[in-house]
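Written below as structure tokens is the structure these notes are about.
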DNA sequence: GTCTATAGTGCGATAGAC
DNA sequence: GTCTATCGCACTATAGAC
């Protein structure tokens, strides 16, 4: 008999999301999650640095989705085109099938300020990576940082709208709308 | 003899910043701050919801600085002009005299991810207030949210540069540079 | 895998301001 | 008398140290 079951990490994440959804985040203890997932509290904290992290671990795979199109772009591409390309490409990850899960996860996050702060922290990490990538491509400051901030902000706003209750358009369609709104905001056509 | 001295809140904030600066945030306990400020631990938590908050409480006065110029602007002002006005006006608060204090406070925040997350949370609150204000002025979505996000992001980036070690220009000068960089990023002149 | 420090909560009692 | 700031203490959960 195996000493431990495979997929402990994933089991903890699923168990946590389900408990958070039914009981609320604060009302769910780490001990409870661990018990339901058949491990000890100590094991939970070996997989996740803190209680909040169980909801966010694993989405760093998604960093590559954002940076890959930028790395592949022609060397003379303008920063705004790099951002546009990365934003639209990131939408491929968020297909219709993932929308229910994303909504359930976000519903938990939206109910707890501490989780909202962690979400912002993760986005800030993405901004820093993206800014460094743009600098490596020769974009100068302060443009590189502004471009990175703008890209991640547009991603976040697009994502929020994509999972809104009454939204059924694709991520790409929502993101395109926000890109246009930014351009019109900065340089109004009339 | 009085049971309690006036200005407990401010005393706790000053004591905390000093201890954080010398010992580090994690190495300083709430009990220690309370002892130095001549109150009990319980009193600390009556003034501040959590340990981090002692570094952030009080800066909500600064919200008005941001929103006031927008409320005063002519009804037909374009969103970008509202943002520009608010950003430059907020700079009046950050005069040369405040720079050393701001640098000391930020040095503590920069050393601790939990404090960085709280800072992002505070900025997110400002974004929400600002977005609601723009909507109340008749700006439609998604432009209102994009304008609010952009305004607060430009503020944050300007502030970060303003307190950089080698920076001696005024907040206004730094912010103006970032406004120009955004415009050039979104619609390059060449 | 166990043990412990710290953060943070709940509640009743108390002291002074009004 | 009411209101508010403080104290004091018991308590739980997180998180890190050993």
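Chains as they are written, first to last, in the working numbering: chain A, 30 to 219; chain B, 30 to 219.
Ideal Cβ placement from N, Cα and C applies to all residues, glycine included.
Source: prediction; values computed, not measured.
At the C-beta level, residue 207 (chain B) and residue 186 (chain B) come within 8 Å of one another. In the structure shown, the three-state DSSP call for residue 171 (chain B) is coil.
In this structure the region 121–132 of chain A does not touch the region 145–156 of chain A; the number of beta carbon pairs closer than 8 Å is below three.
The continuous stretches of alpha helix (DSSP H) do not include residue 166 (chain B), and DSSP gives it neither H nor E.
Distance between residue 37 (chain A) and residue 66 (chain A), taken at the CA atoms: about 8 Å. By the neighbour-count criterion, in which 16 or more other beta carbons inside 10 Å mark a residue as buried, residue 178 (chain A) falls on the buried side. The beta carbon of residue 129 (chain B) sits no closer than 8 Å to any beta carbon of chain A. Counting the other Cβ atoms within 10 Å of the Cβ of residue 115 (chain B) gives 16 or more, which makes it buried. Of the residues B:163, B:152 and B:41, the one whose Cα lies closest to the Cα of residue 60 (chain B) is B:41. Scanning A:84, A:158 and A:63 for the CA closest to the CA of residue 141 (chain A) turns up A:84. Residues of chain A with a Cβ closer than 8 Å to the Cβ of residue 178 (chain B) are, in chain order, 182 and 186.
Any Cβ of chain B closer than 8 Å to the Cβ of residue 83 (chain A) would place that residue at the interface, and such an atom is absent. For residue 49 (chain A), the closest of A:139, A:102 and A:101 by C-alpha to C-alpha distance is A:139. Taking a Cβ-Cβ cut-off of 7 Å, residue 164 (chain B) has no neighbours in chain A, whose nearest Cβ is about 14 Å from it.
Using a CB distance cut-off of 8 Å, residue 113 (chain B) does not count as an interface residue toward chain A.
Leaving aside the five residues that flank residue 196 (chain B) on each side, the residues in its chain whose CB is nearer than 8 Å to its CB run, in chain order, 190 and 203. For the region 37–62 of chain B, the beta-carbon criterion of a distance under 7 Å to any beta-carbon of chain A is satisfied by none of its residues. A Cβ-Cβ distance of about 6 Å is found for the pair residue 119 (chain A) and residue 184 (chain A), placing them in contact under the 8 Å criterion.
Contact annotation: residue 92 (chain A) and residue 155 (chain A) have beta-carbon atoms nearer than 8 Å.
Nearest in C-alpha terms to residue 46 (chain A), of all of A:63, A:75, A:165 and A:137, is A:137. Taking a contact to require three or more Cβ pairs closer than 8 Å, the region 163–176 of chain B and the region 162–177 of chain A do not qualify as touching.
Taken through DSSP and simplified to helix, strand or coil, residue 53 (chain A) comes out as coil. Note that the C-beta distance between residue 143 (chain A) and residue 81 (chain A) is below 8 Å. Cβ-Cβ distances below 7 Å link residue 122 (chain B) to 91 and 94 in the same chain, with the five nearest sequence neighbours on each side left out; the list follows chain order. Within the same chain, and ignoring the five residues on either side of residue 86 (chain B) in sequence, the residues whose Cβ sits closer than 8 Å to its Cβ are 38, 42, 76 and 77. With fewer than 16 neighbouring CB atoms inside 10 Å of its own CB, residue 71 (chain B) falls in the exposed class. DSSP places residue 196 (chain B) in the coil class of the three-state scheme, outside both helix and strand. At the C-beta level, residue 192 (chain A) and residue 135 (chain A) come within 8 Å of one another.
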